[in-house]
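Below you'll find the structure, written out as structure tokens, and then a few comments.
Number of protein chains: 2
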Amino acid sequence: MSPKITTELLKQLRQVMKSPKYVQEPVQAYIVPSGDAHQSEYIAPCDCRRAFISGFDGSAGTAIVTEQHAAMWTDGRYFLQAAHQMDNNWTLMKMGLKDTPTQEDWLVSVLPEGSKVGVDPFIIPADQWKRMSKALRSAGHDLVPVKENLIDTIWTDCPQRPCKPLITLDLSYTGVSWRDKIVALRSKMAERKVLWFVVTALDEVAWLFNLRGSDVEYNPVFFAYAVIGMNTIRLFIDGDRMMDPAVREHLQLDSTLEPEFKIQVMPYGSILSELQALGAGLSPKEKVWLSDKASYALTEAIPKAYRYLTPYTPICIAKAVKNASETEGMRRAHIKDAVALCELFNWLEKEVPKGTVTEIIAADKAEEFRSQQKDFVELSFATISSTGPNGAIIHYKPVPETNRTLSVNEIYLLDSGAQYKDGTTDVTRTMHFGTPSAYEKECFTYVLKGHIAVSAAIFPNGTKGHLLDSFARSALWDCGLDYLHGTGHGVGSFLNVHEGPCGISYKTFADEPLEAGMVVSDEPGYYEDGSFGIRIENVVLVIPAETKYNFKNRGSLTFEPLTLVPIQTKMIDVNLLTQKECDWVNDYHQKCREVIGAELERQGRHEALRWLIQETEPLVRVQ
Amino acid sequence: MSPKITTELLKQLRQVMKSPKYVQEPVQAYIVPSGDAHQSEYIAPCDCRRAFISGFDGSAGTAIVTEQHAAMWTDGRYFLQAAHQMDNNWTLMKMGLKDTPTQEDWLVSVLPEGSKVGVDPFIIPADQWKRMSKALRSAGHDLVPVKENLIDTIWTDCPQRPCKPLITLDLSYTGVSWRDKIVALRSKMAERKVLWFVVTALDEVAWLFNLRGSDVEYNPVFFAYAVIGMNTIRLFIDGDRMMDPAVREHLQLDSTLEPEFKIQVMPYGSILSELQALGAGLSPKEKVWLSDKASYALTEAIPKAYRYLTPYTPICIAKAVKNASETEGMRRAHIKDAVALCELFNWLEKEVPKGTVTEIIAADKAEEFRSQQKDFVELSFATISSTGPNGAIIHYKPVPETNRTLSVNEIYLLDSGAQYKDGTTDVTRTMHFGTPSAYEKECFTYVLKGHIAVSAAIFPNGTKGHLLDSFARSALWDCGLDYLHGTGHGVGSFLNVHEGPCGISYKTFADEPLEAGMVVSDEPGYYEDGSFGIRIENVVLVIPAETKYNFKNRGSLTFEPLTLVPIQTKMIDVNLLTQKECDWVNDYHQKCREVIGAELERQGRHEALRWLIQETEPLVRVQ
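If you're matching them up, the sequences are chains A and B in order.
Counting from 1, position 464 in the first sequence corresponds to residue 464 in UniProt numbering; the numbering is continuous, with no gaps.
Counting from 1, position 415 in the second sequence corresponds to residue 415 in UniProt numbering; the numbering is continuous, with no gaps.
Set out below in structure tokens:
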């Protein structure tokens, strides 16, 4: 990787920072955050402005350019990558290290008195604006919104904003019609006494209308906003996608509907002016509900007294709790996904010893097997296919420069998943195609014990996921080991592979309690820099648990694994397992055999079936 | 318990709420919080204003009186008690229930437009003022500080503020002189670039100067503030306590000292005017450090631009990490405490079958045995001595109306502790003096498993206590059981039995990481309303742990029990324990035998020694 040369670009940016064409007054600093106008985790190429200006294309980072400096804040996952991708114009600010200043502190230390700091108000979330604005103001500077994105003004070959066709999902997939979702949303609005709800997150728009798109890679979403009133529905979306007869039919655009279900379609770009008009016309007690992560621009459109902000929207919470149709869809998707992985692992067992399989070839082969399955749409994230030392890079993605060949001497870690029309998958398996060392088996077994501790945990209704995180670490902690990432994230139903409001992590506290129907991942790991990486990940469904007693009638919950892919028994040191843990593995493998075995049989995949049978032989614990 | 008749008092209060003698403009509502001017958990009788006006004397509650209404907010521990103690003038607001309005929402719903809401600015913490003031302002009302406490104006027989003699602690107890503590504090201040530090919490003043008092029951503290500058020390304290030669000597008041260690003694009541003078004279960049829980009055004395507020002060954090002298003192205190409890339990085993021992008698006997020990000062909290159904009332304290007789048919729970000059104790044991039922043993054993899971946990340096909370619940959760309180709190060293900034609870997230030298309690429980309560509590010291590996060189921690009192084996269902848990109990009892046995021997307490030997017989697990 050679760094991007940014001297000329920075010169141009510094010119427009002073140009009366774009700014009312010159700005002495300009902030370029990672996100798009919807605060998406994955973004479209046209929104990769921070990567364009700096060369650094990791998923997290914020660039700030002043007249003299250019600085990039990113976290530990990306220190190496950012250093490689950026030229000498840039200073890397390593977040999480003690001596690294915050963006605010740094700005205060380098700016001349009374400076203006510019930012695109559509890109910065309202809560971040507030924090930064306050810090700058207290030091005598001003954070100012710059309407036109200054990167876009110098990005001459900026790709077009994608505007791809939509997919309509019928009731067999969604379980609930968009009309009923609107009714439920309005009842939540009535409860909180708000009259308007602004949908800003892309997956929330998609979920609400039972539509999917492909504007952003891996995430089946499309660029749109929606504003739901008690009697009106406005959908802000561009292109001729609304001309598609299937979409018109699905949204009943041409039917005579009760007025409160009539969807007004408006241009994507008109959201701000429409919200401003709405904001200007509000009478006292008319509140507008927005996520507190909505952009500063949209939040400001509503006068402060009329705003109702929450960290999680009612759509976010409703979307997380899968209904029976969605749950069945998720089960089907995971069965198909397991078939593809059985094929892959069977193929790898044969091919790896020949020395011809690279990380990229293995990833491609995984995609090939997945794409053979019904209703396959695309991958759900960039496949992490990593062998040996690459496995220790937690967010690794093989590229030609780093591509290693799989061998019988190294641990192989595959973290991959797909979007099917009936569900989203995300699974990690760690394999050895030769003979693992005792130490590798020991570490793998601790990770497995953590995986089981979460998966088999029983906990009261109302428990937040972060309270389960330590269960995943206990076996590692006992030996002085740990892993530096969370244990689980919410998973969408043919939607984003990472979604809120639940998860399993020591890092969050504001997660919503786990509820039956929620879907999360369970993925503890262990990583030894320069040597190997281990992770065991299943997607699991929250289900009611039967318990001997029932304190305060609260009821209990536990998890059911949706992922049904064998866990390599060769990697397990059986004597480190308790009998209960051993039984868990055997029960899990029995279920893999039954469910996935039947599907492999049905699909006539006999060789993969033989592999499955062999990989699911029961463990025997020597007492 | 008959309720307090408050009709006349409320009439008087409503008069002074309008009297120009006390308020600049009439206030339409007056808030009476629980606390004192130092945000203490335990308060002196003169500060029990909320109890005076309402009759409700639980430890937590806020009263609000308007022209028409009087309402009391309290939490689930006190619903019953508050309902009993208050007359019909009062409405009970049950916090934590879904339909209970917040104080702000309730005020907004009952107040006429443009109302003034008064509160004593010395009693309300700055962070609470901020929240409430904002909510009221956005509804068109004003929160206003009322200088004179309006309750005090009508409380004709209000007790005097205590002003008891001080105890000086020499280096053998404290390990560090007050001068060295000042030096360390000033270095923390220099790190954060603050020039002044205001000490507002009573235990922080006591710790800093190596002094103790007895102004507040159970807490060896005294009413005082301190303001530490880089070159000055001001101690705000009343009475002739500074005339005591031992105190003068200890503080070197009459010595010729370097000026930066010369303590200026000032009247307790002059803190506000002194801080205001300080605040008025600050030049730019001169910051003043306060706890964000300091009173609104003191916080406001410093202009906003000069304030540096943190949730935990450097004194709070330094105080939590016990040094070698303090640790040794804590060990000694716990040995003496265990001797007293062995005497007590031996006595109970003989006396309970006679049917003459009540909860109050047992509590008094416990105090009697403790008071025989060297350096005993007082109890560290009101003894919870509860049998049968009373055990299920988590914050029970026996009074004549509720006093039950201990019997061989009920579970007995004793949660008690003491202040010794060398340390503070807090221990809970749950006993049966007859034959426990299988169900009682089962529940006890789950609680024990939780206690062991925390006590034996190994975790990386930097782990926050709240991440260990679920370990204490896991065995209960597996059977659908739980307990509705946290698992542990910080414990002071001859100081408050509850102290920050660490703890073990699902409720907090902002706790500071555990560090070697910190002392916390480990006290899971199980409570069955109307039937019994179980709790097993040890005070434990955070110590470094030896582990097989050492990930990222972070090092690991674990706990060492300081409490060494037998856990009644009669209550344990051994077959529910793993071999590891069984070994833990046996090792723990072996240590009790050795350490406490030697001390009982030394004190010639032979009968109690025989009891100890018998109670620490090893468990045998049938495989």
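Glycine included, every Cβ here is placed at the ideal spot set by N, Cα and C.
Taking the beta strand (DSSP E) that residue i falls in, what are its first and last residues?
i                     : result
residue 94 (chain A)  : 91–94
residue 597 (chain A) : Element bounds for residue 597 (chain A): not the beta strand (DSSP E) but the alpha helix (DSSP H), 597–602.
residue 152 (chain A) : Residue 152 (chain A) -> not in any beta strand (DSSP E); alpha helix (DSSP H) instead, spanning 150–154.
residue 225 (chain A) : 224–229
residue 143 (chain A) : 142–145
residue 19 (chain B)  : From DSSP, residue 19 (chain B) is part of no beta strand (DSSP E); its letter is neither H nor E.
Starting from residue i, trace the alpha helix (DSSP H) in both directions and tell me its first and last residue.
i                     : result
residue 85 (chain B)  : 79–85
residue 189 (chain B) : 178–191
residue 439 (chain B) : 438–455
residue 130 (chain B) : 126–138
residue 613 (chain A) : 606–615
residue 52 (chain A)  : 49–54
residue 7 (chain A)   : 7–16
residue 279 (chain A) : 271–280
residue 470 (chain A) : 469–478
residue 174 (chain A) : 171–174
From the beta carbon of residue i, is the nearest beta carbon of chain B less than 8 Å away?
i                     : result
residue 472 (chain A) : no
residue 94 (chain A)  : no
residue 467 (chain A) : yes
residue 584 (chain A) : no
residue 305 (chain A) : yes
residue 364 (chain A) : no
residue 556 (chain A) : yes
Closer than 8 Å, CB to CB, is residue i near chain A or not?
i                     : result
residue 460 (chain B) : yes
residue 420 (chain B) : no
residue 550 (chain B) : yes
residue 506 (chain B) : yes
residue 203 (chain B) : no
residue 481 (chain B) : yes
residue 478 (chain B) : yes
residue 547 (chain B) : yes
residue 509 (chain B) : yes
residue 138 (chain B) : yes
Write down the C-beta distance between residue i and residue j rounded to the nearest angstrom, noting that I regard them as a contact closer than 8 Å.
i                     : j                     : result
residue 207 (chain A) : residue 495 (chain A) : 6 Å
residue 63 (chain A)  : residue 54 (chain A)  : 5 Å
residue 331 (chain A) : residue 562 (chain A) : 6 Å
residue 502 (chain B) : residue 484 (chain B) : The pair is not a contact, with the Cβ atoms about 21 Å apart (cut-off 8 Å).
residue 247 (chain B) : residue 166 (chain B) : 5 Å
residue 422 (chain B) : residue 173 (chain B) : 6 Å
- Task: For the region 498–581 of chain A, list the beta strand (DSSP E) runs that are entirely contained and at least 3 residues long, ordered along the chain.
- Result: 499–504, 519–522, 525–528, 532–535, 538–545 and 556–561
- Task: Kindly provide the ranges of any alpha helix (DSSP H) runs that are 4 or more residues long and lie completely inside the region 295–359 of chain B, ordered along the chain.
- Result: 296–301, 314–320 and 324–351
- Query: So, do the region 129–147 of chain A and the region 167–181 of chain A have three or more beta carbon pairs nearer to each other than 8 Å?
  - Reply: no
- Item | Inter-stretch contact at 8 Å, needing at least 3 Cβ pairs: the region 374–389 of chain B / the region 408–423 of chain B | yes
- Task: Flag this pair as touching only if the region 228–238 of chain A and the region 257–267 of chain A have three or more C-beta atom pairs under 8 Å; answer yes or no.
- Result: yes
- Item | Contact the region 316–326 of chain A vs the region 212–221 of chain A: 3+ CB pairs below 8 Å | no
- Pair every Cβ in the region 534–542 of chain B with every Cβ in the region 425–436 of chain B, then say whether three or more of these pairs are closer than 8 Å. yes
- Task: Report the residue ranges of all beta strand (DSSP E) runs contained in full by the region 377–423 of chain A; include only those spanning at least 3 residues, in chain order.
- Result: 384–387, 411–416 and 418–420
- Does the region 342–360 of chain B touch the region 399–411 of chain B, meaning 3 or more C-beta pairs lie closer than 8 Å? yes
- Task: State whether the region 100–115 of chain A contacts the region 25–38 of chain A, with contact taken as three or more CB pairs (one from each stretch) at a distance under 8 Å.
- Result: yes
- Message: For the region 267–286 of chain A against the region 99–109 of chain A, do three or more pairs of beta-carbon atoms, one drawn from each stretch, fall closer than 8 Å, so that the two count as touching?
- Response: no
- Stretch pair the region 293–302 of chain A + the region 123–133 of chain A: three plus CB contacts closer than 8 Å: yes
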